[in-house]
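Trainee: In terms of the working numbering, the first sequence opens at residue 89 and continues consecutively.
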Amino acid sequence: MPSSPTLVWFRQDLRLADNPALRAAVASGGEVIPVYIHNIKGEGTWAPGGASRWWLHHALADLEQQFQRFGVSLIIRSGDSLSVLQKLLTETGAEQVVWNRRYEPAIVQRDTQIKTVLRNAGKKVESFNGSLLHEPSRVKNLSGNPFQVFTPFWKNCLANHQWGEPEKAPSKIKGTSLKISSETIDSLNLLPKIKWDRTIATFWNPTRAGAEKRLADFVASPAKDYDTARDFPEHDGTSRLSPYLHFGQISPLEAYARVKASPHGETKSGQRFLAEIGWREFGYHLLHHFNHTPEKPLRAEFERFPWAPDPQLLRSWQKGRTGFPIVDAGMRQLWQTGWQHNRVRMIAASVLVKHLLQPWQSGATWFWDTLVDADLASNTLGWQWAGGCGADAAPYFRVFNPVLQGEKFDPHGTYVRQYVPELAKMPAEWIHKPWEAPAEVLKAAGVELGVNYPTPAIGLNEGRDRALAAFKKLRS
DNA sequence: TTTTGAGTTGTTCGA
DNA sequence: GTCGAACAACTCAAA
């Protein structure tokens with residue numbers, strides 16, 4: 089049995105349960121030294137955005153506490169990942185390093201190099217899969233190529249799955265008696281200097297306990313009608329597990345197994361939720377096989393698409409002032425809570441990309457900075473889907489109509505009223521198209537278009553026709 | 001080997 | 001008001 093300690097390098101697997109790297113370290117029988125390395129500069133373009141950093145701060149503080157219950161200290165260091173690991177190996181006399189893999193292209197490259205250097209130095213280094221149901225390189229179609237359509241991909245995953253049951257947290261973790269210096273989480277400056285996080289904080293409990301509670305609550309109620317209720321943003325119909333999954337406070341296997349074993353495991357709603365876990369897998373699959381997609385369209389011909397970048401238009405979308413109430417409500421929900429309902433994300437993305445002709449990358453960048461669940465694989469998949477330039481993308485002629493979508497999925501205007509108070513007194517009949525409302529209705533509701541609520545950034549038909557013409561031109 | 005049918009999330013138009 | 005067709009092109013697997 090090894091007498092030297094094992095470093096467990098924590099990254100996006102901030103949990104003790106169902107954590108293969110931690111499990112391996114504990115199983116080795118030696119002392120366990122958990123480490124978090126703050127290296128935002130080393131993550132390049134896709135370093136965590138503002139909302140993610142807020143979440144990360146709290147997730148780390150929570151992880152630190154969980155280790156303290158075992159009498160173990162989480163070591164926090166900042167700097168270049170490799171240098172920090174090398175230094176810690178020297179300081180502690182550890183001979184082994186373990187971690188759970190990440191799959192973002194830049195991170196893969198960095199980690200591969202770290203693994204090589206440390207192995208060449210005679211250290212034992214092992215990495216594990218702790219954040220996906222399956223390795224992205226493993227799933228191939230019959231021709232040996234990566235899937236580009238979700239349904240066959242997910243069928244293949246289900247038919248050939250090798251995942252089992254999630255493992256509980258270790259009952260004992262042997263710490264070290266060595267005195268190892270650690271920075272404080274506060275000193276990482278993850279929290280915003282301007283206190284915009286007060287409202288976000290009231291919406292979320294960014295801890296392991298919060299993740300467990302949310303999963304339990306979801307299974308107890310929203311999961312039952314997930315198939316239909318998840319489309320209505322006024323309802324608590326989605327799982328809201330995305331940020332926990334992103335930071336690994338809960339594993340996809342834990343979520344999958346819990347729902348699968350619930351009374352909804354075989355219902356349409358349950359299957360639909362499991363397929364959403366599948367979409368997360370599909371996102372990582374695509375990112376692995378097509379690693380240029382965070383920046384460039386999967387379908388190369390879209391590089392010629394006639395986007396019309398306009399900083400002012402983009403700004404009005406970001407701030408929730410497009411004049412389309414369902415879009416504005418969504419963009420303000422995002423700003424206030426760090427999250428946006430899935431249905432509204434599609435509508436907001438479609439309007440930005442199609443009606444306003446802004447490049448999908450500018451939408452992806454804004455979501456990256458403002459979402460607490462920002463995840464490179466899912467964000468890329470979602471925006472390329474909306475832009476019509478990705479795998480299994482929405483057909484170009486599928487242009488969301490923000491008025492119809494609003495009337496269909498927010499029929500009483502409850503969601504719009506919650507986030508766009510200027511329109512709170514508008515009757516449901518007009519709330520999704522105030523520019524068509526009779527003057528006396530607007531007056532009674534206290535709405536002055538162009539004064540206290542914007543007129544639409546573009547006419548619905550004009551925007552739609554312009555987008556369709558642009559897509560058509562691309563094909564010819 | 002070739003063919004066939006289906007594929008997350010829509011909208012409009014005309015019968 | 002309801003309903004089906006049209007709006008592409010391509011991927012993938014089963015027949």
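Beta carbons: idealized from backbone N, C-alpha and C, even for Gly. Since the model is a prediction, treat every value here as computed from it, not as a measurement.
By Cβ distance below 7 Å, which residues in the same chain neighbour Arg360 in space, the five residues on each side in sequence not counted?
Mentor: Position 272 of the first sequence, counted from the start, is the residue given in the question as residue 360. Contacts found: Tyr314 and Asp315.
Trainee: Give the single residue among Phe335, Glu300, Leu422 and Phe291 whose Cα lies nearest to the Cα of Val347.
Mentor: By 1-based counting over the first sequence, the position of residue 347 is 259. Considering only alpha carbons, the answer is Glu300.
Trainee: Given a cut-off of 9 Å, decide if Ile163 and Ile121 are closer than it, judged by their beta-carbon atoms.
Mentor: In the first sequence, counting from the first residue as 1, residue 121 sits at position 33. In the first sequence, counting from the first residue as 1, residue 163 sits at position 75. Going by C-beta atoms, Ile121 is nearer than 9 Å to Ile163.
Trainee: Could you tell me if His334 is buried or exposed, where buried requires 16 or more neighbouring beta carbons within 10 angstroms of its beta carbon?
Mentor: Position 246 of the first sequence, counted from the first residue, corresponds to residue 334. Buried, because 16 or more other Cβ atoms sit within 10 Å of the Cβ of His334.
Trainee: Could you tell me how far apart the beta carbons of Gln337 and Ser219 are, in whole angstroms, since I believe they sit closer than 8 Å?
Mentor: Taking the first residue of the first sequence as position 1, residue 337 is located at position 249. Taking the first residue of the first sequence as position 1, residue 219 is located at position 131. About 11 Å separates the two Cβ atoms, so there is no contact after all.
Trainee: Does the beta-carbon distance from Leu402 to Leu440 come in below 9 Å?
Mentor: Numbered from its first residue, the first sequence carries residue 402 at position 314. Numbered from its first residue, the first sequence carries residue 440 at position 352. It is a contact, given that the beta carbons lie within the stated cut-off.
Trainee: Using only the alpha-carbon positions, how far apart do Ser330 and Ala349 sit?
Mentor: Translated into the one-based positions of the first sequence, residue 330 becomes position 242. Translated into the one-based positions of the first sequence, residue 349 becomes position 261. Approximately 20 Å, taken between the alpha carbons.
Trainee: If we count Cβ pairs, one from each stretch, closer than 8 Å, do we get three or more for the stretch 471-478 versus the stretch 529-536?
Mentor: No, because fewer than three Cβ pairs between the stretch 471-478 and the stretch 529-536 fall closer than 8 Å, the two stretches do not touch.
Trainee: In the DSSP assignment, find the beta strand (DSSP E) that holds Tyr124 and state where it starts and stops.
Mentor: One-based indexing of the first sequence puts residue 124 at position 36. Val120 to His126 is the span of the beta strand (DSSP E), which, as asked, contains Tyr124.
Trainee: Could you tell me whether the stretch 442-458 touches the stretch 508-523, where touching means 3 or more Cβ pairs closer than 8 Å?
Mentor: Contact between the stretch 442-458 and the stretch 508-523 is absent, because fewer than three Cβ pairs lie under 8 Å.
Trainee: Can you give me the Cβ contacts of Thr264 inside the same chain, cut-off strictly under 6 Å, excluding the 5 residues immediately before and after it?
Mentor: Here residue 264 refers to the residue found at position 176 when the first sequence is read from its first residue. Taken in chain order, the residues that qualify are Pro93, Glu119 and Ile121.
Trainee: Roughly how many whole angstroms lie between the Cα atoms of Tyr589 and Gln421?
Mentor: What the structure shows of the chain is the stretch from 89 to 564, and residue 589 is not part of that stretch, so it cannot be assessed.
Trainee: His429 to Ala297, Cα distance in whole Å?
Mentor: Numbered from 1 along the first sequence, position 341 holds the residue referred to as residue 429. Numbered from 1 along the first sequence, position 209 holds the residue referred to as residue 297. Each residue's alpha carbon lies about 22 Å from the other.
Trainee: With DSSP collapsed to three states, give me the class of Ile519.
Mentor: The sequence position of residue 519 within the first sequence is 431, counting from 1. Here Ile519 sits in helix by DSSP.
Trainee: Can you tell me whether DSSP reads Thr133 as helix, strand or coil?
Mentor: Locating residue 133 in the first sequence gives position 45, counting from the first residue. The answer is helix: DSSP assigns Thr133 an H, G or I state.
Trainee: I'd like the span of the beta strand (DSSP E) that includes Gln184, first residue to last.
Mentor: What you label residue 184 is simply residue 96 of the first sequence in a count that begins at 1. Per DSSP, Gln184 belongs to the beta strand (DSSP E) from Gln184 to Asn188.
Trainee: CB-CB under 6 Å to Arg505, same chain, minus the five flanking residues each way: which ones, in chain order?
Mentor: Counting from 1 along the first sequence, the entry for residue 505 is found at position 417. The residues are Ala512.
Trainee: Taking all protein chains shown into account, do 16 or more other C-beta atoms lie within 10 angstroms of the C-beta of Asp274, making it buried, or fewer, making it exposed?
Mentor: In the first sequence, counting from the first residue as 1, residue 274 sits at position 186. Per the 10 Å Cβ criterion, exposed.
Trainee: Whose C-alpha, out of Leu341, Asn293, Lys561 and Leu548, is nearest the C-alpha of Ala149?
Mentor: Walking along the first sequence from the start, residue 149 turns up at place 61. That would be Asn293, whose Cα lies nearest to the Cα of Ala149.
Trainee: Taking 8 Å as the cut-off, is the CB of Val508 close to at least one heavy atom of the ligand ZN?
Mentor: Looking at this structure, you won't find the ligand ZN or any other ligand, since it has none at all.
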